[in-house]
Amino acid sequence: MKKKRESCLLPVLVVACLVSIMGGSSLSSPILIGPDKAYLNSKVVFLCRSPGSPPPNTYELLKDGNHLVATSNDLQDNQSATFFLKISVTSEGSYHCRVTAGGNLGLSGTVRLQVVIPVSGTMVTSDPDPPILYEGLRLTLTCDVTKGSHLSYTWFYNRQEVTSSPTSPLTPLLLWPVGNTLVVERVTAKHAGNYSCIAGTRMQTNSRFSSSREVMVRVKAYLSVPQISFTISKEGSSFCGNVTCRSSRGTPPVTFYLFLDDKEVGSDVATESLVAWFPVAMVPGRDMGTVRCTVESDAQRLTSRPLTLVVVPVGGSPKVDVEYLYRVDSKMAAARLQCLLSLGTFPFFSWSLNGSLLLHPSEGDSSHPSHSLADGGRTLFLTEITLEDSGYYRCRARDSYDVTSAWVESQPVLVQVTEVSTTTIEVMAIVFCCFLMLTLAGGVACVMRMLNRQRDVVASSEQRARAANERRFSEHFCIIPDPLPLSDITTRSGVKQVDTSCVDNDVENQTLEITI
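Here the sequence shown stands for residues -28 to -1, 1 to 488, numbered as in mature numbering (1 follows the signal peptide of the UniProt record, and there is no 0).
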């Protein structure tokens, strides 16, 4: 019987031993205080507190479950333990504290520790590399670091921070940073400039940042079709031509080529501009051939229109065309005189008034301040017409490239100040209104006349129809007229013959006798 009781108590003893081995009675939960982030190779402190636990206490710092990191014994009732750790790459993980007091066990909550690698070696890389690209292409900038973790990035354009705020002055550029990249889908000339970034780790204390150098982005413009022109000059007794090739749009450096009759005769590299000049042989009055110019960049090759190298000397008889200009109040304000020339590629014009020369701008100031030349002297404006400006005007022309060439002169044209009044807008409006009223009145009269004529036609038709009906009726019936007065019936003899034209033939010869 005794052995049977011992066998029954054996399971109870086993359970009691297991409970004792596992820690016995549980304590109130300890509190573990420690950082959530720490730099690599730095030192951190974990504090484990177990209030209400009588000494002696054993404090254990555990990582990722039951991996023992450090142990501390409290023999003086401090009710806490401090653990100092040097952070390594393997220090990252979950930490908790276990307290043992008098056979009782307590476990704290978990503190997650992240190991932060300090940032260094920040730089901006680009695609394409180098960051030189044409308008409309895609640009990708990346903020790279040599080492670092848990990073955040800030971008700068021309030293202004790039943000996603709609009120940012850089919003029209459509610069949207995503992570460590900055992408521009279609670059324009406005995207050219200096870009930089800052990479860093933000912590409650001791945040660290690293800045990159600025990267200059160049955006090239596509070339426009080149324009070609030429001039001529005289050097001693010979003439020399100068062909100009120019593009209005593009980004240098570019190369210009000149072709004469489809044969390359010259080339020039323009590093700071979009224009090039080429000397050619010229003889006035002769066809020197057809020239074209070609401009070439690393992405384009464009050719100008053909141009024939022919210089026609000035000749023929010039003619002066006069046009008067009026103000709103119909008063003469100015006059424009044009010198029409039939022959001449490079003419030089000169004007005179009553035989006095009006100087060309290249020769000095005009003696008349109210005179103004335009279109290379071809047009003369009389900006203030006074009596002094009235008179006979002439224009003459010669070759601009040869001061020894002969002049050709027009016939004199009289320009005088008149008070010719043009029709103002008000007068035109009144005349138009009167004309409109007359038109309406005439229209109404025509309509009324047509209506009266139609009414007369209807009345005439009705009268003819009535007369026809009476004739048809009188052929079959007798129409008795209204009774006659007695004086009309009686005569001296007392009897008056009655009209019997409508009486039947049987009684045609009867008479009617009336006795009074």
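C-beta: ideal position from N, C-alpha, C; glycine also.
Suppose you measure from the CA of residue i to the CA of residue j; what does that come to, to the nearest Å?
i           : j    : result
K468        : V430 : At K468, the pLDDT of 44 sits below 50, so the modelled position is not reliable; the number obtained from the coordinates is stated separately. About 43 Å.
A305        : I402 : 25 Å
T82         : I89  : 23 Å
D347        : S362 : 23 Å
Y296        : S328 : 22 Å
L312        : L274 : 36 Å
M420        : R438 : 27 Å
Y125        : V187 : 16 Å
C169        : K35  : 37 Å
P278        : T243 : 25 Å
H343        : D240 : 43 Å
F128        : H39  : 46 Å
E64         : T153 : 28 Å
G78         : S14  : 29 Å
Q176        : L195 : 54 Å
L412        : C418 : 10 Å
D8          : F18  : 11 Å
D371        : S377 : 6 Å
L4          : G93  : 36 Å
A73         : Q48  : 13 Å
C405        : N424 : 29 Å
G75         : V61  : 35 Å
residue 494 : V416 : Because the chain here runs from -28 to 488, residue 494 falls outside it and cannot be looked at.
V470        : S433 : With a pLDDT of 46 at V470, under the threshold of 50, the predicted position of this residue should be treated as unreliable, though the coordinate-derived value follows. Taking the straight line from one Cα to the other gives about 35 Å.
M225        : V134 : Checking the sequence, you will find Pro at residue 225 rather than Met. The straight-line gap from Cα to Cα measures roughly 31 Å.
V267        : I104 : 20 Å
R162        : L12  : It is Lys, not Arg, that sits at residue 162 in the sequence shown. For K162 and L12, the distance between alpha carbons rounds to 42 Å.
V399        : T358 : 27 Å
S(-1)       : S80  : 9 Å
Y167        : V215 : 42 Å
M95         : T118 : 8 Å
A440        : G414 : 39 Å
Grab me the residues of residue i's own chain with a C-beta within less than 7 Å of its C-beta, minus the 5 sequence neighbours each way, in chain order.
i    : result
D374 : K206
A164 : V189, R190, V191
A10  : V16, I59, L85, V87, V88
R180 : P90, V91, G172, T173
Q272 : Y194, L195
R130 : Before going further, note that residue 130 is Asn rather than Arg in the sequence given. These residues qualify, in order along the chain: G165, N166.
Tell me, which residues are paired with residue i by DSSP?
i    : result
N166 : M188
Y11  : V88
W249 : T216
Q199 : R218
M304 : Y298
P319 : D371
P149 : L154
M95  : D116
W127 : V134, C169
T43  : E32
So, for residue i: in the same chain, excluding its five sequence neighbours on each side, which residues have a beta-carbon less than 6 Å away from its beta-carbon?
i      : result
T317   : V283, V284
K192   : Y106, T223
R(-24) : Low confidence applies here, because R(-24) scores a pLDDT of 43, under 50, leaving its location unreliable; read the following figure in that light. Closer than 6 Å at the Cβ level, and outside the excluded window around R(-24), lies no residue.
R368   : S322, W379, E381
G213   : F202, I204, V252, M254
H122   : V88, T173
V276   : At residue 276 the sequence reads Ser, which differs from the Val that was named. Hits under 6 Å: P198, I200, R264, C265.
R427   : none
Q388   : S362
C20    : P2, L4, Y31, A53, C69
S44    : Y31, A53
A42    : L33, F55
L386   : Y364
E356   : S342
A259   : In the sequence under discussion, the amino acid at residue 259 is Asp, which differs from the Ala named in the question. Taken in chain order, the residues that qualify are V282.
Below 8 Å on the Cβ atoms is my guess for residue i versus residue j; work out the distance and round it to an integer in Å.
i           : j    : result
C265        : P198 : 5 Å
L309        : V294 : 6 Å
S182        : G172 : 7 Å
L147        : V156 : 7 Å
residue 525 : S314 : This structure gives no information on residue 525, because the portion of the chain shown stretches from -28 to 488.
Y365        : L410 : Rounded, the Cβ-Cβ distance is 44 Å, inconsistent with contact.
Y67         : G6   : 6 Å
So, at 8 Å on beta carbons, what are the nonlocal neighbours of residue i in its own chain, with the 5 sequence-adjacent residues on each side left out?
i    : result
E236 : Y229, L230
G261 : L232, D233, T280, L281
T394 : Annotation note: pLDDT 48 at T394 (below 50); position unreliable, coordinate value reported separately. The residues are Y298, S302.
G336 : A caution first: G336 carries a pLDDT of 48, below 50, which makes its placement in the model unreliable, though a value can still be read off. Cβ within range, chain order: n/a, list empty.
- For the 8 Å Cβ check, are there 3 or more pairs between the region 94 to 103 and the region 24 to 33? no
- Task: Please confirm if the region 344 to 361 is in contact with the region 308 to 323, defined as three or more CB-CB distances below 8 Å between the two stretches.
- Result: yes
- Query: Contact between the region 219 to 231 and the region 134 to 143: three or more CB pairs below 8 Å?
  - Reply: no
- Touch check for the region 26 to 43 and the region 51 to 63: three-plus C-beta pairs under 8 Å? yes
- Validate contact between the region 205 to 219 and the region 236 to 250 using beta carbons, cut 8 Å, 3 pairs: yes
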